[in-house]
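Report on the structure given below.
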Amino acid sequence: SNLLNSELKNEIAYLYKQNNSHVCSTTVPIKFTKIFINNEWHNAELHTTFAVCDPRTGEEICQVEESTKVDVDKAVKAARNAFRNDSEWRKMKAVVRADLMRKFAEYLRRDIDYLSKLETLNNGKPLEENKMDITISADCIDYYAGLVGKIMNETSETRTGSFVHYYHAPIGNTIILKPAEETPLTALYCASLLKEAGFPPGVVNVLPGDGSECGQFIVTHEGIDKVFFTGSVEVGGKVQELAAKSNVKRFSLELREKCPLIICEDADLDSAVELTHRTIFADSAQSCFAGSRIFVHEKIYAQFVIKCVELTDRRVVGDPFDSKAEQGPQINDEKFQKTIKYIESGKKQGAKLECGGERFGTNGFFIRPTVFSNVTDDMDITSDEVGSVSLNKLDI
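Just so we're aligned, residue 1 is where the sequence shown starts under the UniProt record's numbering, counting upward by one.
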C-alpha cells in the first residue's frame, strides 16, 4: 500500500511538471554565456561554443562560449597583472576587500530568486535546496569578511590560482575558475555580481569549457601557481600528475568517494535512517561526499532495512521546480547511463534490490531512489561512486 501510494504521488508530481516544464524553462532568462576575463565579456578566440542542456528534458538551454588555450593565456595574464605589487587589488586595504565581499554576499541574497531558478534549470536540483545553498554561501562569505581585523595570521601568498569545479557548488588570491561544462550558467552570473560589487579587473576570471581541453590547459599552464580541483578520483589523479609535470605547482584535490556511515546497535533508528537519506539523496545523489555506503550492526540490520526502504519509497521524484519534488534528475545522459549500469551490476553480483533501480518517467534523466541490501565488499556498488544506498551488514 505504501509503495503504491508513493509511486502514485511520484507520477502525479512528474506529470504535473511535464505539463509545465517548457513554461518553467522559458521564465528563466539566460543573461551571460560568454567568457569572463579582466571584468569583460569575450567570445572564445576560436569562436567555438558548446551546448548546455536541461537535465529534466535533455533539451538544449543555450550555447556557451568554449574557452581554448588562447583564452586561458589571456585569463592568466589578467590574473597575474591583478596580482602585481602596483595593482589596485594589491594596494587595496583588507577592510576594503572585506567590504567587497559583503557586497557580493548582499547581491547573492538580492538575486536569490533568479540564481536559484537558473541553477535548478541548469543542474536539476530542487529549487528550495538551491535557495538554501545560496543563502549558506552568502553567510559564509560574510563570515570570512567579518574575520578581517579580528585575527592576525601569517600567510603564504600563492599569486595566481585556478579552480576547476564540479557541478555542485571560491574566492582567494587572483583566480581563474573553470566551472563544470554541464553547469556554467550560475558561475558566469556570479562573475557579473563580482564586477558589480567592485572587484578589480583580473581578480576573478571565469572560463567555461571542456575539462579535457580547457581544464588541461589550466592545470599545465606555467603561469598558474596552484590548482584546486573538485571531481572524480580518476580525473583528480591526472590533475595531480599534470600539475607536477608542469611547473611543480601546488594543488588541492577534493575527490568523490564512497563515504561510509556506521549505524551502531544503540542508534536511534528513525534519526539514523533520516540522516542516511540526507547524506545520500541530496543533490540527486550526486554529491562528492554522499554517504552511500552504510554499515549497520547485525542486530538491527533487518529493522533498519525496512525503515530505510519505507522512507525511500515515500521520496518524491519530479521536476525540481515543483515544491513537492524532493529529488530531481541526474545531470546528463552519461551520468544517468552510468548509474543504471551500476544498478544492474549490483543485481548481477548478488545484492538485493529493495526498491527503485529504474528510470522514472519518460523524459529527462530521472532515476527512482534506490536501496540495495545484502551488499558485500567485493561488489562494484560498494567500491565505486554510485547514486544509491548500499546497506552492508556490520558484524561485531
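Glycine included, every Cβ here is placed at the ideal spot set by N, Cα and C.
- The beta-carbon separation of Leu100 and Ala197, rounded to 5 Å, stays under the 8 Å limit for a contact.
- Within 10 angstroms of the beta-carbon of Gly350 lie fewer than 16 other beta-carbons, which makes it exposed.
- In the DSSP assignment, Ile300 falls outside any alpha helix (DSSP H) and carries neither an H nor an E.
- By the C-beta density criterion, Phe289 is exposed, having fewer than 16 other C-beta atoms within 10 angstroms.
- By the beta-carbon neighbour count (other beta carbons within 10 angstroms, threshold 16), Cys355 is buried.
- Beta-bridge annotation (DSSP): Gln63 is paired with Ala51.
- According to the DSSP secondary-structure assignment, Glu254 is paired through a beta bridge with Thr230.
- Of the residues assessed, Met379 falls on the buried side of the cut-off, its CB having 16 or more other CB atoms within 10 angstroms.
- Annotation for Tyr189: Lys31, Phe32, Leu115, Leu118 place their beta carbon closer than 7 Å to its own, counting only its chain and skipping 5 residues before and after.
- For Val95, the uninterrupted alpha helix (DSSP H) segment begins and ends at 94-110.
- For the 8 Å CB-CB criterion, Ile61 and Leu121 form a contact.
- Secondary structure remark: continuous alpha helix (DSSP H) runs of at least 4 residues inside the region 297-380, in chain order: 301-313, 333-348.
- By the Cβ criterion, the region 275-290 is in contact with the region 254-262, since at least three pairs of Cβ atoms, one from each stretch, lie closer than 8 Å.
- Per DSSP, the unbroken alpha helix (DSSP H) holding Val219 starts and ends at 216-220.
- Taken atom to atom, the span from the alpha-carbon of Asn85 to that of Asp322 is near 50 Å.
- Cβ-Cβ distances below 6 Å link Gly291 to Cys259, Leu261, Thr279, Ile280 in the same chain, with the five nearest sequence neighbours on each side left out; the list follows chain order.
- Secondary structure of Glu129 (DSSP, three-state): helix.
- Exclusion of the five residues before and after Trp89 leaves Ala82, Pro200, Val203 as the residues of its chain whose Cβ lies within less than 6 Å of its Cβ.
- For Asn205, the enclosing beta strand (DSSP E) covers residues 204-206.
- Straight-line measurement puts the Cα of Lys307 at about 31 Å from the Cα of Ser232.
- Sequence-distant Cβ neighbours of Ile218 in its own chain, meaning closer than 8 Å and more than five residues away, are Val72, Ser162, Val164, Ile176, Lys178, Leu207, Ile224, Val227.
- Closest by C-alpha distance to Glu59, out of Leu46, Gly124, Ala79, His47, is Gly124.
- For a cut-off of 8 Å, the C-beta gap from Asn247 to Glu222 is around 5 Å, short enough to register as a contact.
- Between Lys245 and Gly237, the alpha-carbon positions lie close to 13 Å from each other.
- Only buried fits Asn205, as 16 or more other CB atoms lie within 10 angstroms of its CB.
- Per DSSP, Thr174 lies in no alpha helix (DSSP H) segment; the continuous beta strand (DSSP E) that holds it begins and ends at 174-178.
- DSSP, reduced to helix, strand and coil, places Leu118 within a helical segment of the structure shown.
- Just measuring C-alpha positions, the residue of Ile367, Arg97, Thr376, Thr68 sitting nearest His47 is Thr68.
- Within a 10 Å sphere around the beta-carbon of Glu40 sit fewer than 16 other beta-carbons, which makes this residue exposed.
- Annotated three-state conformation of Arg293 is strand, per DSSP.
- In the three-state reduction of the DSSP assignment, Ile280 falls in the helix class.
- Under the DSSP assignment, Glu182 falls outside any beta strand (DSSP E); it carries neither an H nor an E label.
- In the three-state DSSP reduction, Ile37 falls in the strand class (E or B).
- Here Ile30 carries a coil assignment [DSSP, helix/strand/coil].
- Secondary structure at Ile262: strand, using DSSP grouped into helix, strand and coil.
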